[in-house]
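Just remember that the working numbering sits 137 ahead of the position in the sequence shown, which is counted from 1.
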Amino acid sequence: MQNTPLINGDRLSFQIEDQNKNLVQLNYKIQSASEKKQLQQLHAGISCTFKGEVKESQTARNFHVFDYRNYLYQQKIHFIFDVTYISECQKTSLSLVQWIFLLRQQTISKVTEMFPEQSGAFMNALLFGDRQQMTFEVEEQYQQFGLIHLLAISGSHIVLLMVIMYFVLLRSGVTKEIATVCLIVCIPLYMIIAGASPSVVRASITGVLLLVAFMCSVRLSSLDALSITAICMLIYDPYLIFNIGFQFSFVGSFSLLLSAPILLGRSNGIVRNSIYISIISQLASTPILLYHFGYFSPYSIFLNLIYVPFLSIIVLPCSIIILICMPVIPFFAKGIAYVLSLCLTISNDFLSYCESFPFIRLTFGQTPLFLVAIYCFSIVSIFVFWERVITKKILCIVVGVFLFISTCHYVYPYFRESGSVTFLDVGQGDAILIRLPYDKEVYLIDTGGALPVKKEAWQQKKHEFSVGHDILVPFLQKEGIKTIDKLIVTHGDADHIGAALDLLSSIIVKEVVFGRKEQDAVLEKVVKKKALEKSMKISVVGEGEGWRVNEAEFFVLAPKGKEKGENDSSIVLWARLGGLTWLFTGDLEEEGEKFIVSTYPDLRANILKVAHHGSKTSSTDPFLSLVQPAVAIISVGERNRYGHPHKEVIERFKKMGIDIWRTDKQGAISYVFNGEKGTFQSKITYDETHRR
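The structure is reproduced here in structure tokens:
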């Protein structure tokens, strides 16, 4: 066992080393609460026997979303081990590093047990680099407002701990030389205790280098020490260059050190310097934020001015005092922790209040590397002219160029000639994005989703997988979509509407469209309520309605409004766009298809979105004979329990010579068009082609 085991609900994961010294990611589903309690005793260095299946990790199945395989590759892990059985584990002699990891694990557990949720979670994050106890909602708030770096251990933490330790040693009668040696020894030990993340390693190595240089009377600037640290870390692990933490840590540190003339060369005062530091840090990190996330918050500079001193001057010192007092004066430690929890609750409530502000997130979308390079050049130019105090006019011109580039990037979708139709892989469900050229209109047909599974308390994860939060919203943000003109809800099943609440909470939706029916499904009522709360337009459509946007046409074929089953009450939408005709059928079944056949005898479509995920009760011969599609697209979950798509349906398509595209086999499927011509591509096929 190579690292501290992570238990998240009913999931156990950690890294192991096989016989060939290769790292393998181990995953195991815990079977009971008692087994979970037993497994919580596992620690780095222990020896266990596992049985299971070794396989390659899964690649991303949608465009622009988190790629787990790539994430593991960057840690030199090329396989995962899905464990089905764990034998009794045996303790082995621990190395110094493993013993420190064990001490870290035990201290984190003790802090979690002793202190309130808020103070305990922040203590573990700021002192040990462990955010497992922090709620998902709090992390999301810090991420959204560009404050997540404050929850990572950085140079300020190391400096504060060094100063406290140095002061205590000197007050104890220790000479400066011995105190410095103690710091040089203790910093690497703390680096391991703090989790040895890139930011911690960076701060620790830089600190040790400066102390050694001071002892040896060697002149070494902070900039040189930081450069040596970066080179050493990249020589040890070149993959670190892809690590987001590494990028943020070094870019932020380099930018502040290089901006020293701006911060120290004038009589700025504490307030002005704080504003400058916030602006410099935000500007420097902007290209990284846009590349990885596709958005940033304009409130970040203001909130950093509040939260940097709050966490650095109040929360971190209090956390250190609590940790020191914990074994000696536990009641005093608990008292401080209680007060700290109240302060943290207020600070988190303030972030929740800030979420109601307009434009909390500026969505730019996918940022290619060449644009990242242009941003970097522009920002460096701003710093250079700012530092040299050349005329304000020139500085304003440089800033203006940067803002012009940013504005062009932000509004680029409105000048793009191409449009697209994308069938997202949301598992067993539907989510179809339609973008017209120049983003004249953006439509989303269904959102995907799943019914929540009831779990016992011990099984609940910090964050349960959500189609909306983990697939749909990140995809839309990376696509640069700021507003959805119509959310078309075909019907009320969870696999079509389950992620709608996440969507409505994250992205502006102008209009939510429902099908005409006698009674709304439960989830439809919930979504309508949310839409009304957000003052969104609600429309009800039925047979015979339609609209046109330039060359694109949309026509509603169903429902009539008196259908009996939920599936047959699906909105059926015919469209003409990108030189093709499309038929989107929701979960229409045989009865609904009979209605379409009898009502629209001349109906044709080049592309058919196969109804009900390829169920046996849909895609009947009369319906297919009428529509005569050239391509059938099946949105279906990989290895789903329903056996979709049914083999009889597949045979019908093959018999008629219809080309079949499936999200369970090919991932997300996209048709990109310009004028009357376009091309299909799928995520998995695209990745495999580019990997060769």
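No residue lacks a Cβ here, since even glycine has one placed at the ideal position from N, Cα and C.
Could you tell me whether any non-hydrogen atom of the ligand NAP is closer than 6 Å to the CB of residue i?
i: E524; result: In terms of ligand content, the structure shown is empty, and the ligand NAP therefore cannot be addressed.
What did DSSP end up calling residue i once you bin it into helix, strand or coil?
i: N164; result: strand
i: G382; result: helix
i: F203; result: coil
i: D758; result: helix
i: A631; result: helix
i: K247; result: helix
i: Q90; result: Outside the shown range of the chain (138 to 829) lies residue 90, about which nothing can therefore be said.
i: V311; result: coil
i: F487; result: helix
i: R525; result: helix
i: R776; result: coil
i: K674; result: strand
i: T722; result: coil
i: S392; result: helix
i: Q281; result: helix
i: T559; result: strand
i: I466; result: coil
i: R198; result: coil
Using beta-carbon positions only, say whether residue i and residue j come within less than 7 Å of one another.
i: R198; j: K820; result: yes
i: F265; j: I245; result: yes
i: V161; j: F238; result: no
i: G431; j: K615; result: yes
i: T500; j: K662; result: no
i: V604; j: I621; result: no
i: G723; j: H783; result: no
i: G635; j: G774; result: no
i: I833; j: K746; result: For residue 833 there is no data in the structure shown, the boundaries of the chain being 138 and 829.
i: F468; j: C462; result: no
i: L460; j: L263; result: no
i: F810; j: G715; result: yes
i: L348; j: L320; result: yes
i: L641; j: K667; result: yes
i: Q255; j: T482; result: yes
i: L613; j: T504; result: no
i: L287; j: Y444; result: yes
i: D705; j: G729; result: yes
i: A845; j: V764; result: This structure gives no information on residue 845, because the portion of the chain shown stretches from 138 to 829.
i: I582; j: F760; result: no
i: G472; j: A421; result: no
Between residue i and residue j, which are expected to be in contact by the criterion C-beta below 8 Å, what is the C-beta distance as a whole number of angstroms?
i: L609; j: V649; result: Between V649 and L609 the Cβ distance is about 15 Å, and since that is not below 8 Å, they are no contact.
i: T186; j: S224; result: 4 Å
i: S392; j: I417; result: 6 Å
i: L570; j: A631; result: Not really, about 19 Å apart at Cβ, beyond 8 Å.
Looking at the secondary structure, which residues open and close the beta strand (DSSP E) in which residue i lies?
i: E836; result: The structure shown does not extend to residue 836, since the chain is modelled only from 138 to 829, so the question has no answer here.
i: G189; result: 187-192
i: L745; result: 744-746
i: D833; result: For residue 833 there is no data in the structure shown, the boundaries of the chain being 138 and 829.
i: W684; result: 683-686
i: V693; result: 689-695
i: Q818; result: 814-819
i: E648; result: 645-652
i: D796; result: 796-799
i: A367; result: That residue, A367, is in no beta strand (DSSP E); its alpha helix (DSSP H) goes 359-373.
i: L808; result: Looking at the sequence provided, one finds Tyr at residue 808 rather than Leu. Y808 -> beta strand (DSSP E) spans 806-811.
i: S171; result: Segment 170-176 is the alpha helix (DSSP H) holding S171; no beta strand (DSSP E) there.
i: V579; result: 579-582
Name the two residues that bound the continuous alpha helix (DSSP H) containing residue i.
i: V664; result: 659-670
i: N157; result: Note, N157: premise wrong, no alpha helix (DSSP H); not H, not E.
i: E785; result: 784-792
i: T343; result: 335-352
i: V709; result: No alpha helix (DSSP H) holds V709; the beta strand (DSSP E) holding it covers 709-714.
i: R409; result: 406-429
i: I457; result: 453-462
Segment contact, 8 Å Cβ cut-off, at least three pairs: the region 272-281 with the region 303-320 = No: the two stretches stay apart, fewer than three of their Cβ pairs being nearer than 8 Å.
For the 8 Å Cβ check, are there 3 or more pairs between the region 329-338 and the region 369-383?
-> Cβ pair count under 8 Å is three or more, so yes.
Flag this pair as touching only if the region 411-430 and the region 363-376 have three or more C-beta atom pairs under 8 Å; answer yes or no.
-> As far as the Cβ criterion goes, the region 411-430 does not touch the region 363-376, which means the pair count is below three.
Please determine if the region 140-148 and the region 168-183 are in contact, where contact requires at least 3 C-beta pairs separated by less than 8 Å.
-> The region 140-148 vs the region 168-183: in contact.
Report yes or no: do the region 677-695 and the region 731-741 share at least 3 C-beta pairs separated by less than 8 Å?
-> Verdict: yes, contact present.
Any 3 or more C-beta pairs closer than 8 Å across the region 538-554 and the region 511-518 | Taking 8 Å as the limit for Cβ pairs, the verdict is that the region 511-518 does touch the region 538-554.
Can you find at least 3 beta carbon pairs, one from the region 151-167 and one from the region 209-229, that sit closer than 8 Å?
-> Using a Cβ-Cβ distance cut-off of 8 Å, the region 151-167 and the region 209-229 are in contact, since at least three pairs of beta carbons, one from each stretch, lie closer than that value.
Given 8 Å as the limit, is there contact between the region 685-692 and the region 653-669, that is, 3 or more CB pairs closer than that?
-> By the Cβ test, the region 685-692 is not in contact with the region 653-669, since fewer than three Cβ pairs between them sit closer than 8 Å.
Report yes or no: do three or more beta-carbon pairs, one from the region 523-533 and one from the region 470-483, lie closer than 8 Å?
-> Contact annotation: the region 523-533 does not touch the region 470-483, with fewer than three C-beta pairs closer than 8 Å.
Is the region 790-806 touching the region 551-570 in the sense that three or more CB pairs, one from each, lie closer than 8 Å?
-> Cβ pair count under 8 Å is three or more, so yes.
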